[in-house]
Structure formats: C-alpha cells, structure tokens
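Have a look at the structure below before the remarks.
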Amino acid sequence: MGHLGRLKDEYRALASRLGAGTTALPEPDAEAARQARQDLLQLLYTPDEARLASLMPVLPSSLEDVARRASTAPEALTPRLEELCDKGLVIDLVSPTTGKTTYMLAPPVIGFFEFSMMRSSGPHPQKAVAEAIHAYAHGDRAFMREVFAHPTVIGRALPHEAAFDEEELPEVLDWERATSVLREARSLAVSLCFCRHAAQHLGRACASPMESCLSLNAGADFVIRRRFGRAIGSSEALEILAAARERALVQIADNVQRQVSYICNCGGCCCEQLRAISEFDLRAVNPSGFEVHLDEGACAGCSRCARACPIGAIQMVPQRVEGRTRADLRPAVDPERCIGCGVCTGACHKDALSLKRAAKPPLVPADVVEKAVRMAIERGRLAHLVADEGAGRGALFLNRVLAALLRLPPAKQVLAHEQLRSRFVRFALSQVEDPTA
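Quick note on the working numbering: the sequence shown kicks off at 3 and runs consecutively.
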C-alpha cells in the first residue's frame, strides 16, 4: 500500500467523484482510518480503473454518454466497463422493457462495499478488503455520519408480520410487508451477506446463515448477471425470510416504496446498519412505522425482549404493578432508538408485546429518484446531481427529478432552491401551494 498522504492523482480524483453521489467516501480525521481509506481504494481499483471510474456518472447513463465523458470510443470502452462491472465497481442496468444498457459508478454503499464480499472468493484479497473497510468505517465517525446521520437513510425496517394482532394485520400496507415485497418482485437473487462474510474474515463469525442477502428487481438482475449471487424463485425467497425470522433477524429493505432492490436479514452482532445505531448512536435505519405496545398484565418481567433487541432499545426498569406489594421489572422502550422491527415480540413467551401503527409515520421515498434527490439535498449535493446527470440524461431525467422535488415538503424545497439556483426549478416549485399555510 502507498504511504499516507501520497495518494496518487487518479485515486484522489476517484474519491472526489464518489463525493458527487448520494453516499461518499469522506476523508476521516483519524490517521489510521485515513490510511485504511487509501488502502481500500488501492485494493479495489488499479490505477487505470480508478482513472476511468473517476470519469463515470453517478446515476445511470448510456454507453455513448460515458464514452464522451471518458473521451474514448464506445467500442474501446465496453470491455473496460465489463471488467469493472464484474468487480462490482461499476453497475450496469438493463431495461426490462427496452433492453437498453446504462452504466453508473458504484457508490460505497449500497455498492462496492457489499459486492466485494457477496461471493466466497473474488478478484480482490477479501481479508485485506474486510480489514480496510472495518478500519475506515469504525476507526472514525466520518463515514458512518456520511451514510447514516441524515434524515434520509439507505434502509428501512420491515416489521415481523407475526407481531401483529389479527385485527392490525390488514392495516399493514403491501410495501411494508416483506412477504408482499418478495412476492411482487420481478426477479430475485440470494447472495452471501457482506456483513457476516466480512466479520468472518475479521475473526468474529456469527452463527446466522451466510447466504441470506436478498436482491430484488433491477438489483437481482445485476447480481445474477455479474454472478454476485444466484437466481431464486419467490418460494425460496420466502423460505429464507421465514428462516431468518426464526433466528430473530431484522429485515432491512431499500428505503423506497416501489421497486425495492434489496432486503437484508440482519443481526445486531455483524450488521453495519444496526451497529451504526448501537455503536455510533445514529438513526441509521428508517423505522417501520410501527411501535411496540406492552400488555402489562401479561408481562412476566423476564427480560427476554430486552435481550432479544439487536440495538439495545429496551431496558428493564422497576415499575409498580397493581395488586403487587413490590416493584417488578418491566420493559421500557426507547422511542428514539426503536426501529419497529418486532423481533422483541417473537421473544416474548407471554404474548405481552405487539406492534401498533405509530402516531407519526416515517417518511419513505416513493422511488429511487426521490430517495436520491432527498439524500442529495440533505448532503448539499443536489446541484452536482442535476448538473452531472441532466446534461447526459435529457428531459426524462429532469422530469423525474422535478417530480421528486415537487413531492418534497416546503423546507426541503427551499434547500433545493438554494442548491440549484435554477430559474426553471424555482418557477416549477412556485406553482405548488404550501400545505402548511
């Protein structure tokens, strides 16, 4: 690996390019974490690959657009892009309706971090990559804050459906149910869990199944095409889901309502999203929209629920119970930490816990474009996103971005104004009445 502070120009350009996307690879303050970031880039990319990647768009663009950016003929560029796609450093998307292929730079997450560990072996030295990722992500707060310290995060919790009373279940929307999301997916794949595979290389393997990461729709198409996983049907996907729930794993899905691209089956010991909550105290996972309710009369105070919670959101506290002379222990749920996954309800042998609809529902973006726009606004990158992509993607892209902007609350529209300073967008947003007025 290179010496700290001597990162070659192509790697500096790549790090800068990643900074134009919705999740970046920020430079940390801690020296060891800075070295790990440098090591990671050099482990994953050759200098030539880094040079090309630094010219890639951060959202899907045609081969011709990428070729123009790279000042290379399309026919000469194709084999180089194929190699980068096979390594998970570039993502190619094939439209199921038109068959057209577009390319984009893979972000760190969900992206080349995960792809580096989705196979049992790969083009990179996996142990060294796992060590570099861990040292970078856990040796400094910079990366965890980049990904998880903003209102719009990459993943949302899906509730365990067994946690609902029969009268509550019909109120759970299809996009809130893991079973419905899997049944409705156009294609499905299963891969090794990045988090558990990396933990294994770090000498702290857990007992949960390694092959448990589910990809859906366009995500599954890429995973299958590039052999990061294997194609499965909905019946096997539902079996994997059921087995994960039997092991009290949390389902975390793509933070969108439509065209979900992944569902992870996560445990508190390895999952980076859950560890961002427990170790860094970040609101790293969008809550499910449901909250835990306790039937105090049925509760035995056994603390099974507190021990089962993967993020330490439940504490046992003394509480007076009617008809008893002394205080008993009862679970107290931290509403700022709980993600409404329902794992605790399955641990309760007295059926004292259940999930109920939360009074204030979480905001879940409608689709990937709205999610990208929200993340870009919150990170101060909307102008980069629109300027970079609008030039190459034309009216359709701008229309989708504008539609996403129009769905934003007034406060975020003001931020969009400030970042874009576009007369066109200002005019479009001015046509929308303020619903709070």
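Even glycine gets a Cβ: it sits at the ideal position worked out from N, Cα and C.
- Spanning the alpha carbons of residue 170 and residue 67 requires a straight line of approximately 50 Å.
- The beta carbons of residue 224 and residue 95 sit about 7 Å from each other, so the pair counts as a contact at 8 Å.
- Judged by DSSP secondary structure, residue 267 falls within the beta strand (DSSP E) whose first and last residues are 264-268.
- In this structure, residue 92 keeps its C-beta atom at 9 Å or more from the C-beta atom of residue 25.
- Residue 10 carries a coil assignment under DSSP once its states are collapsed to helix, strand and coil.
- The alpha carbon of residue 84 has as its nearest neighbour, out of 134, 106 and 98, the alpha carbon of 106.
- Distance from the CA atom of residue 22 to the CA atom of residue 381, rounded to whole angstroms, is 10 Å.
- The beta carbons of residue 117 and residue 275 sit no closer together than 9 Å.
- With fewer than 16 other Cβ atoms inside 10 Å of its own Cβ, residue 351 counts as exposed.
- Residue 188 and residue 219 have their C-alpha atoms spaced approximately 5 Å apart.
- A distance below 9 Å separates the beta carbons of residue 409 and residue 368.
- In the DSSP assignment, residue 356 is bridged to 295.
- Residue 273 and residue 197 do touch by the CB rule: their CB atoms are close to 5 Å apart, below 8 Å.
- For residue 158, DSSP records a beta bridge to 255 and 288.
- By the neighbour-count criterion, in which 16 or more other beta carbons inside 10 Å mark a residue as buried, residue 75 falls on the exposed side.
- With contacts defined as CB atoms closer than 9 Å, residue 217 and residue 264 qualify as a contacting pair.
- In this structure residue 229 is exposed. Its beta-carbon is surrounded by fewer than 16 other beta-carbon atoms within 10 angstroms.
- DSSP places residue 234 in the uninterrupted beta strand (DSSP E) bounded by 232-234.
- Inclusion of residue 194 and residue 231 in the CB contact set at 9 Å is warranted, their separation being smaller than that value.
- Burial is judged here by how many other beta carbons sit within 10 angstroms of a residue's own beta carbon; residue 129 has fewer than 16 and is exposed.
- When C-beta atoms of the segment 51-66 are compared with those of the segment 133-149, fewer than three pairs fall below 8 Å, so the two segments do not count as touching.
- Per DSSP, reduced to three states, the secondary structure at residue 174 is coil, with no helix or strand assignment.
- Across the structure, residue 337 and residue 315 are spaced so that their CA atoms are roughly 8 Å apart.
- Cβ contact annotation for residue 406 (same chain, cutoff 6 Å, sequence separation greater than five): 371, 372 and 375, in chain order.
- Annotated three-state conformation of residue 83 is helix, per DSSP.
- Rounded to whole angstroms, the gap between the alpha carbons of residue 302 and residue 42 is 49 Å.
- With 16 or more other CB atoms across the displayed protein chains lying within 10 angstroms of its CB, residue 355 is buried.
- With respect to the 9 Å criterion, residue 35 and residue 137 are classified as neighbours on the basis of their beta carbons.
- Rounded to whole angstroms, the separation of the alpha carbons of residue 159 and residue 341 is 6 Å.
- In the DSSP assignment, residue 39 falls within the unbroken alpha helix (DSSP H) covering 33-46.
- Annotated as distal: residue 331 and residue 345, with beta-carbon spacing of 9 Å or more.
- DSSP, reduced to helix, strand and coil, places residue 77 within a helical segment of the structure shown.
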